[in-house]
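Here's the structure, in structure tokens; my notes come after.
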Amino acid sequence: MSQDFAGRVSLLDADAAREAAERVGVVQQLAELNIFRTLLHQPDVAKCVNDLLVTLLLRGGLDARLRELVIMRLGWATASDYEWNQHWRVAREMGISSEDLLAVRDWRDSDRFDPADRAVLAATDETLAHGAISSETFAACERHVGGPAVLVELVAAVGTWQMISTIARSLAVPLEAGLSPWPPDGKGPTG
Numbered sequence: 013m014s015q016d017f018a019g020r021v022s023l024l025d026a027d028a029a030r031e032a033a034e035r036v037g038v039v040q041q042l043a044e045l046n047i048f049r050t051l052l053h054q055p056d057v058a059k060c061v062n063d064l065l066v067t068l069l070l071r072g073g074l075d076a077r078l079r080e081l082v083i084m085r086l087g088w089a090t091a092s093d094y095e096w097n098q099h100w101r102v103a104r105e106m107g108i109s110s111e112d113l114l115a116v117r118d119w120r121d122s123d124r125f126d127p128a129d130r131a132v133l134a135a136t137d138e139t140l141a142h143g144a145i146s147s148e149t150f151a152a153c154e155r156h157v158g159g160p161a162v163l164v165e166l167v168a169a170v171g172t173w174q175m176i177s178t179i180a181r182s183l184a185v186p187l188e189a190g191l192s193p194w195p196p197d198g199k200g201p202t203g
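According to my numbering, the residues represented by the sequence shown are 13 to 203, in order.
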């Protein structure tokens with residue numbers, strides 16, 4: 013899909029975004045990101061997205077590495093440079109290797125992933141392809157990832173970051189200033 017729709021929704025200036033975020037309780041750190049400077053045009057939606065992200069990122073029981081692999085796979089599979097870029101930095105700061113992150117591009121042919129990694133990556137791909145996780149993959153997630161609370165969170169994470177990808181791509185949210193597309197090598201899904 014062509015990215016010829018720049019300017020679909022302008023970014024709020026930084027001060028207006030901070031003020032809107034404060035009014036509805038969006039975390040100030042998030043309010044500075046371009047995706048929230050876009051979402052804050054509709055503060056109630058921004059607040060809902062904020063609450064979901066804060067819960068999944070900071071209060072969840074899903075292993076952080078697994079969550080980031082899900083997000084990176086979604087970024088790649090949906091061609092969301094914004095999502096890939098943001099979580100490239102997050103995952104690297106968490107200590108996930110560049111090699112592991114790059115391997116999500118073609119994870120089925122990689123030997124870098126353990127059974128838990130492979131289960132969540134399969135769950136991600138199946139959700140994107142079919143709207144649901146197969147019984148076989150769900151059972152693998154149950155064996156390798158966790159019980160009911162973690163499984164609910166995994167499904168919510170896949171759905172949430174698929175939504176984030178849709179928002180970023182459909183509203184043509186630009187990368188943050190100074191960032192280059194598709195770290196670390198500039199190679200995107202169609203590149």
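Note that the Cβ used here is the ideal one computed from N, Cα and C, for glycine as well. None of the values given here were measured: they were computed from a predicted structure.
> Can you tell me whether Leu133 is buried or exposed, with buried defined as 16 or more other CB within 10 angstroms of its CB?
Replying inline: The residue labelled residue 133 in the question sits at position 121 within the sequence shown. Label assigned to Leu133: buried.
> Quick one: complete alpha helix (DSSP H) runs, 4+ long, within the segment 68-118?
Replying inline: 76-89, 93-105, 110-115
> In or out: Gln174 buried (at least 16 other Cβ within 10 Å) or exposed?
Replying inline: Here residue 174 is taken as the residue at index 162 of the sequence shown, counted from 1. Looking at its Cβ environment, which holds 16 or more other Cβ atoms inside 10 Å, Gln174 is buried.
> Mapping DSSP to helix, strand and coil, what is Gln54?
Replying inline: Within the sequence shown, numbered from 1, the residue matching residue 54 stands at position 42. Note: Gln54 maps to coil in three-state DSSP.
> Excluding the five sequence neighbours on either side, which residues of its own chain have a C-beta within less than 6 Å of the C-beta of Ser146, listed in chain order?
Replying inline: In the sequence shown, residue 146 corresponds to position 134, counting from 1. Contacts found: Glu138.
>> Tell me which residues share the same chain as Arg124 and place their Cβ nearer than 7 Å to its Cβ, disregarding the 5 neighbours each side in the sequence.
In response: Translated into positions along the sequence shown, residue 124 becomes position 112. So the qualifying residues of the chain are Glu111, Asp112, Ala115.
> Of all the options Leu187, Asp75, Leu163, which has the alpha carbon lying nearest to the alpha carbon of Glu95?
Replying inline: For this step, residue 95 is matched to residue 83 along the sequence shown. Closest option to Glu95, Cα to Cα, is Leu187.
> Relative to the alpha-carbon of Ala128, which residue among Asp27, Ser182, His156, Leu81 has its alpha-carbon at the smallest distance?
Replying inline: Numbered from its first residue, the sequence shown carries residue 128 at position 116. Nearest C-alpha to Ala128: His156.
>> Assuming the contact rule is C-beta atoms closer than 8 Å, Leu24 and Leu52 should be a hit. Round their C-beta distance to whole Å, please.
In response: Here the question's residue 24 lines up with position 12 in the sequence shown. Here the question's residue 52 lines up with position 40 in the sequence shown. With a Cβ gap of about 5 Å, Leu24 and Leu52 count as contacting.
> Are the beta-carbon atoms belonging to Ala180 and Leu140 less than 9 Å from one another?
Replying inline: Numbered from 1 along the sequence shown, position 168 holds the residue referred to as residue 180. Numbered from 1 along the sequence shown, position 128 holds the residue referred to as residue 140. No, the Cβ-Cβ distance between Ala180 and Leu140 is not below 9 Å.
>> So the candidates are Asp27, Ala33, Asp63, Ile176; which of them puts its Cα closest to the Cα of Leu86?
In response: Your numbering for residue 86 matches position 74 in the sequence shown. Among Asp27, Ala33, Asp63, Ile176, the Cα nearest to that of Leu86 is on Ile176.
> Are there 16 or more other CB atoms within 10 angstroms of the CB of Asp93, so buried, or fewer, so exposed?
Replying inline: Here the question's residue 93 lines up with position 81 in the sequence shown. Label assigned to Asp93: buried.
> Thinking C-alpha only, which one of Gln98, Ala76, Arg35 is nearest Asp27?
Replying inline: Residue numbering aside, residue 27 sits at position 15 when the sequence shown is read from its first letter. Checked all of Gln98, Ala76, Arg35; the closest Cα to Asp27 is Arg35.
>> Here's a check: name, in chain order, each residue in its chain whose Cβ is nearer than 7 Å to the Cβ of Gln15, leaving out the five neighbours to either side.
In response: For the purposes of this step, residue 15 is taken as the residue at position 3 of the sequence shown. Bear in mind that the predicted position of Gln15 carries a pLDDT of just 49, short of 50, making it too unreliable to give a figure here.
> Do you know offhand how far His99's Cα is from Gly143's?
Replying inline: Here residue 99 is taken as the residue at index 87 of the sequence shown, counted from 1. Here residue 143 is taken as the residue at index 131 of the sequence shown, counted from 1. His99 and Gly143: Cα-Cα distance of roughly 23 Å.
> Taking the C-alpha atoms as reference points, what is the distance between Met13 and Ala29?
Replying inline: The sequence position of residue 13 within the sequence shown is 1, counting from 1. The sequence position of residue 29 within the sequence shown is 17, counting from 1. For Met13, the pLDDT reaches just 40, beneath the cut-off of 50, and the residue's location in the model is therefore unreliable, although a value from the coordinates is still provided. Using only the alpha carbons, I get a separation of about 29 Å.
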